[in-house]
Every structure is written in C-alpha cells, then in structure tokens.
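Protein sequence lines correspond, in order, to chains A and B.
With the working numbering, you'll find the first sequence wraps up at 317, consecutive numbering, no jumps.
With the working numbering, you'll find the second sequence wraps up at 530, consecutive numbering, no jumps.
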Amino acid sequence: MLNKEKINHQPLSHLDWLESEAIYILREVAGQCSNPVLLFSGGKDSLCILRLAEKAFRPGRFPFPLMHIDTGHNYQEVIDFRDQRAAELGERLIVRSVEDSMKRGTVVLKSADESRNKHQSVTLLEAIEEFGFDCCIGGARRDEEKARAKERIMSFRDEFGQWDPKNQRPELWSLYNARSHKGENIRAFPISNWTEMDVWQYIEREKLQLPSIYFAHQRDVVMRGGSIVPVNVPLVNGEVTNPVKAGEEIINMQVRFRTVGDISCTAPVISDADTVSKIVLETATSTITERGATRLDDQTSDASMEQRKKEGYF
Amino acid sequence: MSNVTKQHNDSLLRFMTCGSVDDGKSTLIGRLLFDTKTILADTLTQISNTSKKRGMEAVDLSLLTDGLQAEREQGITIDVAYRYFSTGTRKYIIADAPGHEQYTRNMVTAASTANLAIILIDARRGVLTQTRRHSYLAHLVGIQHIVVAVNKMDLVNYDQATYDKICADYLTFANEIGFAQARDIKFIPMSALTGDMLVDRLENMPWYTGETLLEMLEKAPAAHTENDEEFRFPVQFVCRPHASADADLHDFRGFMGRIESGYIAVGDAVTVLPNGYQSKVKAIQIGDEQLQSAQTEQSVTLLLEDEIDTSRGDMIVKTGSTIEPVKQIEAFVCWLSETPLSPARTYVIRHTTRESKAKVGAIAYKVDVNTLEEQATSDLKMNDIARITFKLAQPLMVDSYSANRATGAFIVIDESTNNTVGAGMIV
C-alpha cells in the first residue's frame with residue numbers, strides 16, 4: 004500500500020477516548036436527526052455534556068436547544084446554576100414543568116406529597132410532541148443501574164415513548180442508527196460508557212463549575228428509612244417541601260449530593276469533600292454505589308428503573 | 104498544546120467474553136468486578152440476599168450480571184450488556200454477550216467494539232462446537248487478541264495434563280481455520296469460582312508460571328496502538344458559523360469528524376472523496392484547542408487551505424492514498440433481524456457517515472458457524488452469516504475489513520422499520 008503510516012501511536016488516555024467518543028455521538032445526532040434537543044438539568048452529568056457539546060460544535064452554535072423538565076421540586080441552587088450556564092453559553096433553554104402537566108390534568112398525583120420524579124416522563128413526552136423533537140440527548144450512564152447496562156447509545160422509543168428491551172436495534176462498531184419515523188423518538192446517550200469516577204475526573208480536568216450542593220455543606224436533615232433526608236427545603240416558588248414528620252429529629256449535618264434531581268428522591272451523603280479533587284478521592288474510596296446511596300426512587304423494587312424506562316422515563 | 108507523542112499510562116481496553124452460563128462466564132465477570140473492588144457494599148448486600156433466598160451458601164457472583172426483569176422471567180439473556188471496571192492503570196469495558204447459537208448476532212455485536220476476546224472452555228468438557236463457533240466469530244469480526252481461558256480447573260483437580268490437552272486441541276482447530284497464524288492467542292488455566300489466576304495467583308497450579316488473566320488484560324495493546332493504517336476521516340458535520348456576530352468567523356468552514364485511522368498533521372496534502380478535490384490541512388482543532396497533529400480515534404475539526412464544497416458523508420484522505428469510490432461491495436454479512444433478507448428488496452447501507460441504497464447482487468454461500476462449512480443458499484435468516492455482493496446507488500469509499508475495521512464495516516437498514524437488520528464486513 005502507498006502512503007502507509009509508520010507512526011507508533013500512543014493510545015489515548017481513557018478520558019480523551021471517552022471525550023472523543025461522546026463528541027462523535029453528539030455529532031452523529033446533529034448529522035442524522037432533524038430536530039434534536041439536549042436535556043439539561045444543571046446536574047453534573049449534563050454539565051459534562053455541555054462541555055462536550057462545546058468541543059463538538061464551537062465556534063458554531065449548538066445544533067439543538069437545551070431543555071429542562073422541571074418537577075418544581077428542585078433545589079434553588081441548581082435552577083439558578085442551570086439558568087446561569089445556559090446564559091453563559093448563549094444557547095436557548097426551554098423549561099417545561101410537571102406543574103403545568105398537573106394543571107392540564109395529564110399528571111395526577113396520588114397524594115400531595117407523592118414524588119413527582121416519575122411524572123417527568125409525561126411532561127417530557129408532552130414537550131417532545133409540542134416541539135416535534137426526534138431525538139433527546141441525555142446524560143444517562145450504563146454503570147448507574149442494571150436496567151441501563153443493556154441500553155443502546157441510540158435508544159429507540161415508540162410513539163408512546165416506551166422503551167422495549169426486547170425490541171432494540173443492534174448497535175455495531177460506531178455505526179449508530181438514529182433514524183425514526185414521525186412520532187417516534189431516539190434517546191441518545193453520549194456518556195453511556197462513563198462511570199461516576201470518569202465524570203468526576205473529567206470535571207476536574209476540564210475545571211467545570213458545578214452547583215454548590217455537590218460540595219460539602221451544612222444542612223438540616225432527618226434519618227428516614229435508613230436514608231438521610233433533607234427537610235424544610237425552600238422551593239423556587241416560595242413554598243417549603245419535605246416537612247419534618249412527627250417523631251423525627253432534625254439534625255444539622257455536613258453533607259453533599261452525589262446525584263441531583265427531584266428533592267423528593269435525592270438523598271445527600273455525609274461528606275467533608277468541599278473541592279472537586281476531594282470528591283474524586285472520596286469517589287475512589289466509596290463503598291456504596293451512586294444510586295444505592297442517594298436515589299430513593301430506585302429502592303422501591305429490584306426492577307423499578309426498568310419499569311420506569313418502559314413507561315418513557317429517561 | 105497536545106501532541107500525539109504525549110505519554111499516557113491510563114489507557115482503555117474493550118474486551119468481550121464468549122461462553123455460556125455453564126462455562127462460568129457470569130462468575131468470571133463477577134469475579135473480575137469483585138476482585139478489582141468494583142463491586143460496592145450495597146450491590147454486594149443485594150446479591151448476597153438473593154443468593155440466600157435461592158438457598159446458596161456462598162455469595163453467587165454470577166448474580167452481578169443478572170439481567171433485566173424481562174430476561175429473568177424468561178430465564179434467558181437476550182442482549183449484550185456492558186460492564187466497567189478500572190485498575191488504576193487502565194479502564195476496561197466488558198461486552199458480555201450470551202453464547203448460545205441463536206445469539207450469533209449478539210456475539211457479532213459485542214465483538215464489533217472489542218479488541219480482545221476471552222473464550223471460555225469448561226476444563227471437564229474441552230473444546231466443543233460452541234468453542235469453534237466463538238472462535239470463528241471472533242476471527243470474522245477481526246479481534247486480534249484471544250485469551251483461551253480453561254475454566255473450572257478446580258473440578259479437574261488442577262490437572263496439568265487435562266489443560267495441556269485442551270490447549271493442543273484448540274491449536275489444532277485454530278490452525279485448521281487459519282486463525283492461529285493471524286491472531287495473538289494466549290492460554291490460561293483458571294477457576295473463576297475460587298478466583299484462581301484471575302486477579303490473584305493461588306497455590307493450586309504451581310505448574311503454570313504464565314501471566315494471570317488480569318496481567319494479560321493489562322498488557323494487551325489498547326485500540327489502534329498496533330496498526331499503521333492509512334488516514335481516514337469521514338466528515339460527520341460541517342461547521343459554518345457565517346451568521347455569527349464575530350466577523351472573523353464568516354469564512355470559517357470546519358470539517359468535523361473522528362479520525363477513524365491513521366495520522367494527520369498541519370500542512371499535509373489531502374483529497375476529499377468522492378469528488379477528488381485536493382487541498383492542504385490549515386488547522387486541526389478540538390474545541391478552542393489548536394493541535395499540530397492528530398491521530399486515530401480523536402474527534403477533531405479540520406480546516407483546509409482552500410474553499411472546498413464538502414458535506415457529511417464525504418471522506419478526507421491523504422493525497423495519494425489507495426482508496427477509490429466503489430459502487431459494488433462484497434462482504435460477509437451477519438443477518439440480525441427476525442425478518443429474513445429479501446433479495447428483491449432495496450435496503451440502505453450505512454458505511455462510516457455515508458448512506459447508500461443497496462440491492463443484493465448475489466449470495467455466494469452461507470457459513471455454518473458450527474462446522475464452518477460453506478452452503479449454497481438463496482435467503483438469509485436471523486443469525487446466518489453469508490458472503491454477499493451488494494450493488495450500490497451511491498459510491499462508498501471502502502477498505503477491506505481486514506485492513507481497516509472502521510472503513511471496512513457497514514450496517515444494513517430496513518427503511519420500512521428503520522431497524523438495523525444486517526452487519527457487513529467487506530472482503
């Protein structure tokens with residue numbers, strides 16, 4: 004062969020490799036889909052994806068808007084951070100709220116204090132229909148939960164937003180198939196192959212800013228069902244959620260959040276890690292998985308994530 | 104400024120495991136995850152509870168890879184699962200594929216992204232039909248590094264003669280299919296159940312002085328470090344921020360994509376296919392970082408000296424490269440869909456970032472994955488592998504799969520469902 008290379012390549016570091024793969028996936032979405040959207044919550048995984056999108060598309064604008072499905076029960080710090088980051092990037096941020104779905108009557112809570120987390124699916128599907136999105140980019144990772152270990156990078160959802168584990172497209176090499184018919188939807192996961200540790204190492208390397216609640220801080224909590232539960236949390240709308248129940252004792256603890264989401268189902272962990280490098284160290288020595296420690300919604304049953312995904316959850 | 108000569112000691116290796124549950128595949132993966140401290144306390148509590156519930160005395164590590172509720176209900180594994188662990192020097196991605204014959208398509212899927220395959224053999228049973236099938240598929244999908252793991256040595260009293268005979272049998276077979284000469288094959292005796300020779304070297308097999316499994320994995324070359332393939336850059340996306348407020352960007356035209364093979368430096372002469380326009384590389388960027396050169400697997404933006412009309416699906420190569428656009432390809436195709444291939448229909452072939460309509464020209468033969476016999480056929484069902492010629496509506500820029508895994512591979516898409524129905528490796 005002519006022109007054959009005689010270069011002894013050094014392999015990419017694992018972070019460079021993961022970064023390059025994620026950029027490739029984002030560009031495939033842009034190349035294959037006509038109206039994609041990037042789901043952005045202000046959480047650490049979606050903040051990594053924003054950095055990856057900058058590397059993928061600058062100096063151009065992102066070929067998709069950002070969208071947050073807001074349960075109305077999010078931490079003020081995270082919402083503020085979300086708005087600030089979108090403004091800094093100069094990209095369009097769409098917010099659709101579960102409370103609007105409740106007003107429309109499409110979300111009906113069993114009781115006033117039921118977690119709104121799983122109801123995000125309804126609002127997401129409504130937003131997909133409203134804007135005609137054919138692909139939603141999200142920050143889910145395969146290491147998070149066993150129902151995710153078999154998830155595709157480009158995951159197919161039918162007209163009802165349902166994930167059918169028995170009817171997923173084979174995914175070979177990096178030949179991703181993001182085709183869909185009208186009404187159907189692709190969920191694209193650029194950081195599928197990242198672990199929690201990779202995310203924190205990337206945040207450290209790229210010097211990414213994060214909402215303050217990821218770092219150790221003092222907070223009023225109670226112990227409920229073996230988890231640390233934040234109480235009397237002020238909401239954006241001025242109300243207060245998670246009241247103390249009778250017989251519970253408020254403890255002021257030094258904690259941080261490993262995952263950030265709806266207040267009703269995200270528990271903090273005891274920690275004194277107040278910098279990213281301390282969090283990297285803490286993650287390396289942690290004896291509990293990210294979701295095991297902090298996601299109250301996954302403890303309901305062995306298959307609760309799988310069930311929610313089938314119903315259109317991210 | 105980044106440079107390809109930068110030393111990295113924390114690379115990434117993707118590997119797959121071939122075997123059935125009976126060979127101890129789940130236990131092997133569970134053991135690797137457990138011994139590298141990837142399994143955390145809450146997960147361990149969960150599986151130890153399940154082990155007790157099922158009446159087992161010890162924790163059953165195979166439960167770590169227990170799949171979806173839908174699979175547990177049916178008692179089968181229906182899909183490839185991806186698992187992760189890290190040793191501090193390397194990150195690993197395991198593609199865990201079910202090994203039964205009806206899951207040939209899953210094995211091909213798992214193999215497509217793997218650089219190394221662990222082929223499990225039960226020491227009591229030796230080389231079986233499935234061992235041949237797994238080896239052939241690993242060979243077909245171009246996996247360069249094979250570890251033949253003779254497992255369950257604890258059940259044959261750690262007998263060296265048993266191990267030696269299995270190794271000899273395997274080599275005889277590998278020579279028959281021309282596999283042994285082409286690949287790097289290593290053998291290892293182990294017991295996944297007790298953890299012997301995976302991460303730890305216990306005292307049961309003093310006669311084996313070779314590497315442990317983890318040592319083999321740590322030393323195996325990471326992706327694309329051992330090839331000297333030609334430069335291939337399929338264009339994924341073209342960045343033209345001409346409406347930007349920044350006047351300097353009005354003429355910016357960035358060709359975005361991933362270097363699928365080879366190496367490129369600023370100043371290199373390039374040709375854009377299929378049109379054949381020629382230019383030189385003006386700049387290489389990752390985000391706002393400027394590079395002097397870039398290599399395989401890096402996602403970059405290329406800027407060229409000349410204004411060339413280029414779009415997604417074009418391929419940038421070095422001027423003088425041997426690649427030519429073709430309108431017919433011959434390939435080994437693994438059929439992935441429950442709907443058989445219909446030679447009368449038109450399909451879409453996706454190759455790199457390019458698509459073309461395609462029709463079957465001829466089916467030369469299909470391969471029996473158990474006997475490796477070639478059989479005449481007129482159709483192709485799920486899990487079949489056949490040598491097929493496709494006629495293309497649009498030219499594709501292809502290499503043979505054996506020369507280049509990225510530009511030699513394609514998928515077949517059924518436009519009525521948009522499903523991925525076939526996987527092709529160009530001859």
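Just so you know, even glycine gets a beta-carbon here, dropped at the ideal spot from N, CA and C.
query: Could you check where the beta strand (DSSP E) with Cys437(B) kicks off and where it finishes?
result: To locate residue 437(B), count along the second sequence from 1; it is residue 334. Run containing Cys437(B): Pro428 to Trp438, per the beta strand (DSSP E) assignment.
message: Between Pro173(A) and chain B, is any beta-carbon pair separated by less than 7 Å?
response: Locating residue 173(A) in the first sequence gives position 170, where the first residue counts as 1. So, interface residue.
task: Assign His122(A) to buried or exposed, taking buried as 16 or more other Cβ atoms, counted over all protein chains shown, within 10 Å of its Cβ.
output: Locating residue 122(A) in the first sequence gives position 119, where the first residue counts as 1. Its Cβ being crowded by 16 or more others within 10 Å, His122(A) is buried.
task: Starting from the beta carbon of Glu31(A), find every residue of chain B whose beta carbon is closer than 9 Å, and list them in chain order.
output: In the first sequence, the residue the question calls residue 31(A) occupies position 28. Within 9 Å Cβ-Cβ: Gln339, Phe340 and Thr456.
field: Neighbour flag for Lys484(B) against chain A, beta carbons, 7 Å
entry: Here residue 484(B) refers to the residue found at position 381 of the second sequence. No, no contact with chain A.
task: Return no unless some Cβ of chain A is closer than 7 Å to the Cβ of Asn522(B).
output: Taking the first residue of the second sequence as position 1, residue 522(B) is located at position 419. By this cut-off, Asn522(B) is an interface position.
- prompt: Under 9 Å Cβ-Cβ, which residues of chain B neighbour Thr74(A)?
  reply: Within the first sequence, numbered from 1, the residue matching residue 74(A) stands at position 71. None at all; the shortest Cβ gap to chain B is about 25 Å.
- request: From the DSSP output, in three-state form, read off Gly34(A) for me.
  value: To locate residue 34(A), count along the first sequence from 1; it is residue 31. Looking at Gly34(A) - three-state DSSP - the assignment turns out to be helix.
message: Please list, in chain order, the chain A residues whose beta carbon lies closer than 9 Å to that of Thr281(B).
response: Locating residue 281(B) in the second sequence gives position 178, where the first residue counts as 1. It is Gly, not Thr, that sits at residue 281(B) in the sequence shown. Under the 9 Å cutoff, chain A gives no residues; its nearest Cβ is about 22 Å from Gly281(B).
- prompt: Looking at the structure shown, is Phe65(A) part of a helix, part of a strand, or coil, going by DSSP?
  reply: Here residue 65(A) refers to the residue found at position 62 of the first sequence. Three-state DSSP puts Phe65(A) in coil, outside helix and strand.
- prompt: Residue range of the beta strand (DSSP E) that Met200(A) falls in?
  reply: For the purposes of this step, residue 200(A) is taken as the residue at position 197 of the first sequence. No beta strand (DSSP E) contains Met200(A), which is instead part of the alpha helix (DSSP H) from Glu199 to Glu209.
field: Through-space distance from Ser347(B) to Gly34(A), alpha-carbon basis
entry: If you number the first sequence from 1, residue 34(A) lands on position 31. If you number the second sequence from 1, residue 347(B) lands on position 244. Rounded to whole angstroms, the separation of the alpha carbons of Ser347(B) and Gly34(A) is 20 Å.
- prompt: Ala163(A): buried (16+ other C-beta within 10 angstroms of its C-beta) or exposed?
  reply: Here residue 163(A) refers to the residue found at position 160 when the first sequence is read from its first residue. This sequence places Phe at residue 163(A); Ala is not what is there. By the neighbour-count rule (16 or more Cβ atoms within 10 Å), Phe163(A) is not buried but exposed.
message: Quick check: the Cα distance between Ala489(B) and Ala467(B), rounded to an integer number of angstroms?
response: To locate residue 489(B), count along the second sequence from 1; it is residue 386. To locate residue 467(B), count along the second sequence from 1; it is residue 364. Taking the straight line joining both Cα atoms gives about 7 Å.
Three-state secondary structure assigned by DSSP to Met528(B): Against the second sequence, residue 528(B) aligns to sequence position 425. Strand, per DSSP.
task: Output, in chain order, the set of chain A residues within a Cβ distance shorter than 8 Å of Leu352(B).
output: The sequence position of residue 352(B) within the second sequence is 249, counting from 1. Correct list: Pro62.
field: Contact with chain B by Gly34(A), beta-carbon distance below 7 Å
entry: Here residue 34(A) refers to the residue found at position 31 of the first sequence. Cβ-Cβ to chain B under 7 Å: yes for Gly34(A).
- prompt: Taking the C-alpha atoms as reference points, what is the distance between Thr312(B) and Thr234(B)?
  reply: Residue mapping note: residue 312(B) aligns to position 209 of the second sequence, counting from 1. Residue mapping note: residue 234(B) aligns to position 131 of the second sequence, counting from 1. Using only the alpha carbons, I get a separation of about 25 Å.
Tyr27(A) at chain B interface by Cβ criterion, 7 Å: Walking along the first sequence from the start, residue 27(A) turns up at place 24. For Tyr27(A), the answer is yes, since a Cβ of chain B falls inside 7 Å of its Cβ.
field: Separation of Lys469(B) from Leu479(B), as counted between CA atoms
entry: Your numbering for residue 479(B) matches position 376 in the second sequence. Your numbering for residue 469(B) matches position 366 in the second sequence. Reading off the sequence shown, one finds Ala at residue 479(B), where the question assumed Leu. Whole-angstrom Cα-Cα distance: 6 Å.
The stretch 69-86 of chain A in contact with the stretch 159-176 of chain A per 3-pair CB rule at 8 Å: Fewer than three Cβ pairs drawn from the stretch 69-86 of chain A and the stretch 159-176 of chain A lie within less than 8 Å of each other, which leaves the two stretches out of contact.
- request: Let me know if Ile273(A) comes out buried or exposed under the rule of 16 or more other beta-carbons within 10 Å of its beta-carbon.
  value: What you label residue 273(A) is simply residue 270 of the first sequence in a count that begins at 1. Ile273(A) is exposed by the Cβ-count criterion.
message: So, for Glu80(A): in the same chain, excluding its five sequence neighbours on each side, which residues have a beta-carbon less than 7 Å away from its beta-carbon?
response: Residue 80(A) sits at position 77 when you count from the first residue of the first sequence. These residues qualify, in order along the chain: Pro214, Ser215 and Ile216.
- prompt: What does Ser503(B) reach in chain A if we use C-beta pairs closer than 8 Å?
  reply: Residue mapping note: residue 503(B) aligns to position 400 of the second sequence, counting from 1. The premise fails here: Ser503(B) is roughly 11 Å from chain A at the closest Cβ pair, so nothing lies under 8 Å.
query: Quick one: is Tyr273(B) near chain A, going by C-beta distance under 7 Å?
result: Stepping through the second sequence from its first residue, residue 273(B) is reached at position 170. Cβ-Cβ to chain A under 7 Å: no for Tyr273(B).
task: Please check the pair Asp531(B) and Gly298(B), which I expect to be a contact at CB under 8 Å, by giving their CB distance rounded to whole angstroms.
output: The shown model of chain B, from 104 to 530, leaves out residue 531(B), and the question about it has no answer.
query: Just reading off the alpha helix (DSSP H) that Asn209(B) is part of, what are its end residues?
result: Position 106 of the second sequence, counted from the start, is the residue given in the question as residue 209(B). Segment Thr207 to Ser215, the alpha helix (DSSP H) holding Asn209(B).
Residue from Ser154(B), Leu444(B) and Arg228(B) with nearest C-alpha to Ala465(B): Locating residue 465(B) in the second sequence gives position 362, counting from the first residue. For Ala465(B), the closest alpha carbon among the candidates Ser154(B), Leu444(B) and Arg228(B) is that of Leu444(B).
query: alpha helix (DSSP H) containing Tyr273(B): first to last residue?
result: The sequence position of residue 273(B) within the second sequence is 170, counting from 1. Where Tyr273(B) is concerned, the enclosing alpha helix (DSSP H) stretches over Gln263 to Glu279.
- request: Go ahead and label Thr455(B) buried or exposed: buried means 16 or more other beta carbons lie within 10 angstroms of its beta carbon, across all protein chains shown.
  value: For the purposes of this step, residue 455(B) is identified with residue 352 of the second sequence, where counting begins at 1. Its Cβ being crowded by 16 or more others within 10 Å, Thr455(B) is buried.
message: Using a Cβ-Cβ distance cut-off of 7 Å, determine whether Met359(B) contacts chain A.
response: Position 256 of the second sequence holds residue 359(B). Yes, contact with chain A.
message: Given this structure, state the Cα-to-Cα distance separating Ser414(B) from Arg361(B), to the nearest angstrom.
response: Along the second sequence, read from residue 1 onward, the residue named residue 414(B) stands at position 311. Along the second sequence, read from residue 1 onward, the residue named residue 361(B) stands at position 258. Roughly 14 Å between the two C-alpha positions.
field: Neighbourhood of Gly186(A) by C-beta, 7 Å cutoff - its chain only, sequence neighbours within 5 removed
entry: Working through the first sequence from its first residue, we reach residue 186(A) at position 183. Annotation for Gly186(A): Glu162 place their beta carbon closer than 7 Å to its own, counting only its chain and skipping 5 residues before and after.
task: Would you tell me roughly how many angstroms separate the C-alpha atoms of Ser129(B) and Phe188(B), rounded to the nearest one?
output: Here residue 129(B) refers to the residue found at position 26 of the second sequence. Here residue 188(B) refers to the residue found at position 85 of the second sequence. Each residue's alpha carbon lies about 15 Å from the other.
field: Start and end residues, beta strand (DSSP E) containing Val110(A)
entry: Your numbering for residue 110(A) matches position 107 in the first sequence. It is not in any beta strand (DSSP E) - Val110(A) carries neither H nor E in the DSSP assignment.
query: Nearest-angstrom Cα distance between Glu242(A) and Val236(A)?
result: The residue given as residue 242(A) occupies position 239 in the first sequence. The residue given as residue 236(A) occupies position 233 in the first sequence. Approximately 8 Å, taken between the alpha carbons.
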